[in-house]
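The C-terminal position of the sequence shown is numbered 1619 in the working numbering, with every residue numbered one higher than the one before it. Glycine included, each C-beta is placed from N, C-alpha and C at the ideal position. Given the structure is predicted, the values throughout are model-derived calculations rather than measurements.
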Amino acid sequence: MTEIALYDLDKTITKRPTYTPFLLHAAWRHERWRLMLLPVVAASVIGYLLNFVDRGRLKEINHGLLLGPRVPAETIATLAESFADKTLAENVHPQAIARIEADRAAGRRLVLATASYAFYAVPIARRLGFDDVIGTGSQRDENGAILARIDGENCYADAKLRMVDAWMAREGIERDAVRIRFYSDSPSDMPVFDWSDEPIATNPTSNLRKIAEKRGWRIFAWG
């Protein structure tokens, strides 16, 4: 039977989230003046906490503020590659690297499934040796420039499971023909945990730890 090791990214493989650090990294190198808009970014976060906007819309707003409404393809690629170098150097658990290497050695197909934008998750995944990436897509204009709009769904919670299902369909993978091991830190990923064959709570939040202990899941604490 084919085996798949499915990994979340933020705070599962990485020590800290990647989304805001990527925006700050990119703004500093692309259009530094946009950092003056950080108070507006903070206001948008408050709007999210008050349920005025959802997580996907919050991403779009902050992307537009700190990167601008349109970033040329070659520019975003350069920014993503430099951020991947920084992430691997400063923000990845050594234990995660060892676990990824062990799954690869065991013959598992390595798949990263993350709410992070795919355009910067892909270079990180490539450096870690992943075979495939399922992430939040971005709309592009006719010249390939990245726009501050999500393409499809934000790869989070129930949407992550739908996107994994869609990826499997595109790859011609039947669910009953594979065994899926899933690593994540967050209870937001419960739809994928429940669907997987081998859920592993990784650097779990307190809520996820309680669930994992109750259900007898393995728990890895790398932090």
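| Asked | Found |
| --- | --- |
| Put Y1552 into one of helix, strand or coil per three-state DSSP. | coil |
| Just to confirm my understanding: we take Y1516, look at its own chain, exclude 5 residues before and 5 after, and list those with CB closer than 6 Å. What are they? | F1418, A1476 and F1479 |
| Could you tell me which residues DSSP pairs with G1619 in its beta bridges? | DSSP output for G1619 lists no bridge partner at all. |
| Decide if F1448 is buried, meaning its Cβ has at least 16 other Cβ atoms within 10 Å, or exposed. | exposed |
| Quick one: what does DSSP say I1607 is sitting in, helix, strand or coil? | helix |
| Using 8 Å as the threshold, is the segment 1493-1512 in touch with the segment 1401-1409, meaning 3 or more CB pairs across them? | yes |
| Can you tell me the Cβ-Cβ gap for P1583 and I1607, rounded? I've got them flagged as a contact below 8 Å. | 7 Å |
| One question on the structure: do I1546 and G1533 come within less than 8 Å of each other, judged by their Cβ atoms? | yes |
| Determine the burial state of S1602: buried for a count of at least 16 other Cβ atoms within 10 Å of its Cβ, exposed for fewer. | exposed |
| Is the distance from the Cβ of V1437 to the Cβ of L1463 below 8 Å? | no |
| From the DSSP output, in three-state form, read off E1570 for me. | coil |
| Are there 16 or more other CB atoms within 10 angstroms of the CB of L1446, so buried, or fewer, so exposed? | exposed |
| Looking at V1507 and D1481, is the spacing between their C-beta atoms short of 8 Å? | no |
| Are there 16 or more other CB atoms within 10 angstroms of the CB of E1538, so buried, or fewer, so exposed? | exposed |
| Are the CB atoms of A1541 and A1469 within a distance shorter than 8 Å? | yes |
| Measuring straight from C-alpha to C-alpha, what distance separates L1557 and R1504? | 19 Å |
| Kindly indicate the opening and closing residues of the alpha helix (DSSP H) around R1536. | Here R1536 belongs to no alpha helix (DSSP H); instead the beta strand (DSSP E) covers D1528 to R1536. |
| For a test of the three-state rule: what should DSSP assign to S1584, helix, strand or coil? | helix |
| Please give the ranges of any beta strand (DSSP E) in the segment 1485-1519, keeping only runs that are unbroken, at least 3 residues long and fully inside the region. | 1505-1513 |
| Just to confirm my understanding: we take R1500, look at its own chain, exclude 5 residues before and 5 after, and list those with CB closer than 7 Å. What are they? | L1506 and G1525 |
| When the Cα atoms are used, what is the spatial distance from W1429 to L1420? | 11 Å |
| Quick check: the Cα distance between S1512 and Y1415, rounded to an integer number of angstroms? | 6 Å |
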